[in-house]
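Here's the structure, in structure tokens; my notes come after.
2 protein chains.
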Amino acid sequence: MHTSIATVCLSGGLTQKLHACAAAGFDGVEIMDSDLTAAYESPEEIRALCARLGLRIEMFQPMRDVEGVDAETFADNLRRAEAKFEVMERLGAELLLLCSNVATATADDDELVAAQLAELADRAAARGIRIAYEALAWGRFVRDYRHAWRIVQLADRPNLGLCLDSFHILSLGLDPAPIEEIDGDRIFFLQLADAPEMELDVLSWSRHHRLFPGEGSFELPAFLGHVLRAGYRGPLSLEVFNDVFRQTDPVATARHAHRSLRWLADRAAVAGGWEQDRLEPLQPPRGVDFVEIAGEDLSDVDRLLQQLGFDFAGEHRSKRVRLWEAGEARIVLNEQHRGSEARLAGIGLRVDDAAAAVRRAGAIGASEAFRWTLEGEQRLRGVEAPDGTQFFWDDRAGRSWRDEFGGGERGAAGLRGWIDHVNVGAGWEHFDEAVLFATSVLGLTAETSSELPGPQGLVRSQVLRTPDGAVRLACNLAPPSAPEMPRHLAIRVEDAAATARLARARGLEFLPIPSNYYDDLEARFALGPERIGELRELGLLYDRDAHGSFVHFYTPTLGGVFLEIVERRGGYPGYGAANAPVRLAAQRG
Amino acid sequence: MHTSIATVCLSGGLTQKLHACAAAGFDGVEIMDSDLTAAYESPEEIRALCARLGLRIEMFQPMRDVEGVDAETFADNLRRAEAKFEVMERLGAELLLLCSNVATATADDDELVAAQLAELADRAAARGIRIAYEALAWGRFVRDYRHAWRIVQLADRPNLGLCLDSFHILSLGLDPAPIEEIDGDRIFFLQLADAPEMELDVLSWSRHHRLFPGEGSFELPAFLGHVLRAGYRGPLSLEVFNDVFRQTDPVATARHAHRSLRWLADRAAVAGGWEQDRLEPLQPPRGVDFVEIAGEDLSDVDRLLQQLGFDFAGEHRSKRVRLWEAGEARIVLNEQHRGSEARLAGIGLRVDDAAAAVRRAGAIGASEAFRWTLEGEQRLRGVEAPDGTQFFWDDRAGRSWRDEFGGGERGAAGLRGWIDHVNVGAGWEHFDEAVLFATSVLGLTAETSSELPGPQGLVRSQVLRTPDGAVRLACNLAPPSAPEMPRHLAIRVEDAAATARLARARGLEFLPIPSNYYDDLEARFALGPERIGELRELGLLYDRDAHGSFVHFYTPTLGGVFLEIVERRGGYPGYGAANAPVRLAAQRG
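Structural data, given as structure tokens:
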């Protein structure tokens with residue numbers, strides 16, 4: 001697989017973009033004319049810089065609105081083209097991208113368009129330049145790749161071929177299967193972009209909301225399969241622009257972009273049944289092994305866990321780390337972080353083959369997480385997510401890390417629990433990347449995202465989970481202007497009311513819930529005075545759907561983290577989203 | 001005119017929202033159930049707070065999805081409704097908003113819907129409550145206000161009427177004229193929202209992109225005219241939510257909201273030919289009188305103006321203020337601001353009646369700008385725009401403020417110029433408000449906005465101008481994460497190349513333009529080697545369209561301001577937008 005990316009995907013100046021592409025491991029780039037025009041470096045300097053960085057200039061996009069025009073306009077377009085051919089010679093670029101005319105075309109006449117493209121191609125051939133013709137979804141007359149292919153066949157020039165762009169094909173709902181009928185040698189270039197499902201005009205959708213492969217709704221592995229079966233062997237090139245990438249660090253975006261191509265090539269190889277470009281298989285985790293909270297002084301978290309009924313399960317034999325347990329819920333408190341307040345730092349996952357998970361993560365460009373261990377201690381192996389949270393894999397092949405903790409008393413307090421879900425959060429500039437990380441590295445599945453009204457704007461919430469629900473992460477995206485939200489950890493128990501009562505007796509103060517909430521709850525669900533009275537007294541939140549019911553409450557926030565206790569009855573699948581506005585308002589105080 | 005606003009338009013908690021509404025001068029509020037549910041204050045406390053603040057609770061929106069359902073569901077809905085009637089009694093709210101069912105309706109049967117609404121209305125009547133039925137644009141069966149009106153007529157209950165919402169009617173492209181055929185007494189409530197033209201599904205459009213009246217594309221004055229001609233005499237209430245208002249200070253949003261209603265009532269009165277609610281007439285300014293740059297030390301701006309060929313026209317007789325002139329272009333340098341770098345602080349406009357402009361601005365809620373003046377000096381009268389820029393009006397009734405400056409030498413350098421346009425900028429949280437300010441207070445007209453690719457994201461650009469082009473403001477909106485952009489002032493001259501040559505001879509260094517830009521320019525316009533050579537040598541930018549041509553260049557940025565020199569030939573109407581990416585990249589360096 002040769003990887004490429006359009007410079008227009010990244011923020012910054014052209015040389016900065018090129019350095020970012022090279023650092024992320026791309027083999028080549030597509031350069032957009034406007035990036036070159038705004039650069040102080042000459043085409044020769046850009047060419048030499050690309051050569052030093054090991055980047056091929058795969059394609060250059062210098063002009064639009066060339067074909068399907070009257071003779072006079074076409075003559076001027078040829079003059080423009082000659083000037084751009086010169087720039088391409090200076091750049092060392094051999095492939096020119098020509099998008100179907102969106103503005104100046106006057107003739108819906110394939111013969112005329114083909115004749116003009118043939119003349120352009122002949123001019124280009126004299127300079128050793130090839131032309132890739134692309135049907136834009138909003139082209140004046142040519143919008144469908146099959147139409148572009150008919151025109152290319154009519155023009156019949158060896159240096160005139162097609163550029164296929166997944167966005168322009170899939171956004172119009174065109175069937176990609178007939179791509180297989182195209183001669184693969186005539187597909188000169190392949191541009192890839194994903195996008196979320198939206199009902200928006202296709203130009204705005206394209207300009208503001210494209211995503212990297214694996215982050216949207218397009219079936220890109222199948223799409224790529226069609227192109228490869230047609231015989232295409234050129235680079236896989238990303239052409240993705242959206243409002244986030246235009247604003248964020250190009251180095252991070254390029255790395256994120258490269259990971260999406262590795263993911264896509266793997267998925268296409270798995271779907272197509274070929275060996276090339278395959279990664280280690282995805283391993284959906286079997287469960288959450290532990291959650292780690294880190295900070296300089298976690299004594300208030302100790303107190304909170306004790307009040308909730310967790311057992312203190314001991315201290316680590318060599319590190320300033322403590323373990324608390326409640327049945328299957330294990331919380332590790334790590335005080336090795338000077339000067340930091342309590343934060344959700346790590347999540348341990350159980351998998352079948354930890355070494356294979358680490359290999360896959362490395363191949364897909366995830367940074368390995370480092371934790372020092374002494375001889376005889378279990379080595380923690382894992383990766384760092386885009387938001388800095390560390391994920392560790394354990395296949396329990398050796399002896400358990402729990403044996404490294406001693407001096408506590410397990411099973412004394414008697415609370416039985418499980419990690420229900422973990423809210424990992426994500427800044428607005430990392431949200432889509434975090435989703436791709438969870439699916440491509442952690443093996444989780446993305447549910448449809450939803451929007452919750454918070455007091456400082458809509459919060460976009462995305463759940464990532466295993467099909468059996470053993471592992472569930474919730475990623476919440478707050479508006480850019482809102483302060484960073486605390487993250488949280490939800491413990492599932494059998495009886496939330498009993499847990500709340502016990503915790504209250506031990507002095508825990510819950511997040512206070514407005515009385516109006518219970519009046520509304522009674523209006524909605526008719527729970528009866530006794531049940532409402534209990535919920536109100538204990539400050540519990542409640543939800544119900546066709547599957548079952550959900551009772552939950554929140555602890556106060558300690559530093560950057562809080563806990564939620566949840567009870568699920570029946571098959572209630574959600575997270576009490578209807579209560580989120582009340583919780584968010586209460587946390588704001 | 002009675003003014004009202006839905007609490008859901010504003011960010012923050014309910015009591016904070018109510019204080020903001022009262023401070024902005026609203027007479028009443030619509031309270032959304034979710035705002036009450038998340039509040040710690042009881043309904044009685046909210047009622048008492050509203051009474052103290054002088055806010056009527058015009059309407060309460062407690063439930064959805066009531067009608068058009070099976071008998072069992074309807075029985076539960078009536079139970080829910082009774083609980084909500086109780087909350088309304090505690091709140092002292094007498095009007096309940098009921099939106100057409102979007103989720104649970106199973107029967108597209110007007111008789112059934114009318115019968116259920118009649119039963120709900122009878123229950124409500126027993127409590128003295130009225131019900132306003134509203135057709136939502138995405139209702140399951142009822143989407144058109146005329147359909148809702150037929151159902152209300154069928155139900156035939158005196159306490160059952162309509163709620164009309166401009167968004168739900170105009171977003172579907174429904175004709176608002178038949179509103180006049182509705183009995184005005186049965187229109188119980190009127191909700192107003194504007195919106196930009198978009199091709200987006202109507203639910204997302206409604207949820208993310210509503211605007212206050214005057215900021216979008218809807219013909220709201222005409223819409224309001226139809227409703228008033230139907231005989232509606234209730235409050236004009238705003239129901240506007242978008243991603244910006246959810247995040248910004250509720251006090252500022254409420255003030256902005258109130259201004260939009262004053263504007264709308266005036267426009268409707270002018271269009272309808274009635275006297276009530278009219279403001280002083282809008283006065284499109286006749287020209288720019290001066291532009292003021294303020295800062296602690298402006299000696300580098302003095303030097304810049306001298307290099308460009310401006311005349312030093314003297315010092316103010318009582319203030320630390322200097323005047324520079326070039327023909328009709330007057331720039332005032334105000335050094336009375338300690339500790340601030342150079343910034344574009346004020347703009348003087350010529351109007352026919354300055355006092356009337358000030359009265360109109362005051363009536364529409366604009367803050368008056370203050371500048372001290374000594375006896376015998378001309379008083380500066382004007383207002384402050386949302387971004388802090390001050391606008392002053394002068395009708396030249398008295399003697400000119402220019403006479404207060406002395407000691408300079410006018411006409412010596414000989415540059416003749418005019419203020420071509422002024423870029424006033426606007427933070428993302430003030431953009432739409434700035435547009436409404438310019439149209440409703442300054443009497444300018446908004447052109448269609450455009451988007452320019454900058455190195456840190458798309459910049460949305462909105463030009464506001466008089467029809468004759470004598471006054472043109474450009475408002476640029478950068479992404480929230482981008483640093484604040486400098487503002488600029490464009491001086492039109494007769495020969496930009498001569499001005500550039502002179503300035504260069506006097507030592508001015510221009511913003512350096514990449515050589516690649518000129519290669520591209522030659523490819524696009526075939527200007528010939530001589531002309532391209534001159535542009536390249538002098539660092540001039542060029543653009544051309546069907547009307548004429550445009551030559552311009554930029555000075556370096558001094559503090560938060562820079563100058564642009566422009567030459568317009570023929571009827572070129574634009575601002576060289578094609579060159580903006582090059583300029584933005586060059587300014588970033």
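In order, the protein sequences belong to chains P and X. Counted the way UniProt numbering counts, the first sequence spans residues 1 to 589. Counted the way UniProt numbering counts, the second sequence spans residues 1 to 589. Glycine included, C-beta positions come from ideal geometry on N, C-alpha and C. Because the structure is a prediction, the values reported are computed rather than measured.
{"Query": "Own chain partners of R330/X with C-beta closer than 6 Å, once the 5 adjacent residues on each side are dropped", "Result": "F290"}
{"Query": "Segments assigned beta strand (DSSP E), at least 3 residues, entirely inside the stretch 397-428 of chain X", "Result": "405-407, 417-423"}
{"Query": "Beta carbon proximity, G531/P to chain X, threshold 8 Å", "Result": "Note that residue 531/P corresponds to Arg in the displayed sequence, not to Gly. Not an interface residue."}
{"Query": "Extent of the continuous alpha helix (DSSP H) to which L120/X belongs", "Result": "110-125"}
{"Query": "Min CB distance A38/P to chain X below 8 Å", "Result": "yes"}
{"Query": "Contiguous beta strand (DSSP E) assignments of at least 3 residues, all confined to the UniProt domain \"VOC\" (287-396) of chain P", "Result": "287-294, 311-316, 321-326, 329-334, 343-350, 381-384, 390-394"}
{"Query": "Inter-residue spacing [alpha-carbon to alpha-carbon] between A105/P and F141/P", "Result": "8 Å"}
{"Query": "Spatially closest choice to V69/X from G28/X, D108/X, L172/X, Q378/X, by CA coordinates", "Result": "D108/X"}
{"Query": "Residues near D545/P by beta carbon distance below 7 Å, same chain, minus five either side", "Result": "Y572, G574"}
{"Query": "Touch test, the stretch 318-333 of chain X against the stretch 430-438 of chain X, Cβ-Cβ under 8 Å, three pairs minimum", "Result": "no"}
{"Query": "Helix, strand or coil at Y518/P [DSSP, three-state]", "Result": "helix"}
{"Query": "Beta-carbon gap between G128/X and E94/X smaller than 8 Å", "Result": "yes"}
{"Query": "Nearest-angstrom Cα separation, counted from A195/P out to L18/X", "Result": "40 Å"}
{"Query": "Span separating the alpha-carbon of E134/X from that of R531/P", "Result": "35 Å"}
{"Query": "C-beta neighbour in chain X for E522/P, strict 8 Å", "Result": "yes"}
{"Query": "Residue-chain proximity (R303/X, chain P), Cβ-Cβ < 8 Å", "Result": "no"}
{"Query": "I179/X, enclosing alpha helix (DSSP H) - first and last residue", "Result": "Element bounds for I179/X: n/a, residue is neither H nor E."}
{"Query": "Chain-ordered chain P contacts of S515/X [CB-CB under 9 Å]", "Result": "Y40, S42"}
{"Query": "Residue nearest to I5/X in terms of C-alpha spacing, selected from I513/X, L236/X, R322/X", "Result": "L236/X"}
{"Query": "I293/X versus H547/X: straight-line alpha-carbon distance, rounded", "Result": "33 Å"}
{"Query": "Contacts around N77/X, its chain only, beta-carbon distance under 6 Å, and the 5 residues preceding and following it disregarded", "Result": "V66"}
{"Query": "Contacting positions in the stretch 64-97 of chain X - beta carbon closer than 7 Å to chain A", "Result": "Included in the structure are the protein chains P and X, with no chain A among them."}
{"Query": "Cβ contact (3+ pairs, closer than 8 Å) linking the stretch 282-289 of chain X and the stretch 34-44 of chain X", "Result": "no"}
{"Query": "Proximal residues to Q16/X (C-beta, below 7 Å), its chain only, five neighbours per side dropped", "Result": "P250"}
{"Query": "Under 8 Å between C-beta atoms of Q116/X and F74/X", "Result": "yes"}
{"Query": "Contacts that E199/X makes with chain P (C-beta to C-beta distance below 7 Å)", "Result": "L200, D201"}
{"Query": "Cβ pair C475/P, L489/P closer than 8 Å", "Result": "no"}
{"Query": "Straight-line gap, G408/P to Q307/P (C-alpha atoms, nearest Å)", "Result": "16 Å"}
{"Query": "Residue from E72/X, R64/X, P62/X, F26/X whose Cα sits closest to the Cα of C50/X", "Result": "F26/X"}
{"Query": "As assigned by DSSP and simplified to three states, the class of E494/X", "Result": "coil"}
{"Query": "7 Å Cβ shell around A313/P - same chain, five flanking residues per side excluded", "Result": "L323, W324, E325, F405, G408, R410"}
{"Query": "Residues sharing a beta bridge with H552/P, DSSP", "Result": "L541/P, V566/P"}
{"Query": "Residues near A271/X in its chain [Cβ-Cβ closer than 7 Å; skip 5 each side]", "Result": "P221, A222, G225"}
{"Query": "Beta carbon of L444/X nearer than 8 Å to that of L477/X", "Result": "no"}
{"Query": "Beta-carbon proximity check, E522/X vs A20/P, cutoff 8 Å", "Result": "no"}
{"Query": "Reference V152/X, options D185/X, A71/X, A254/X, closest by Cα", "Result": "D185/X"}
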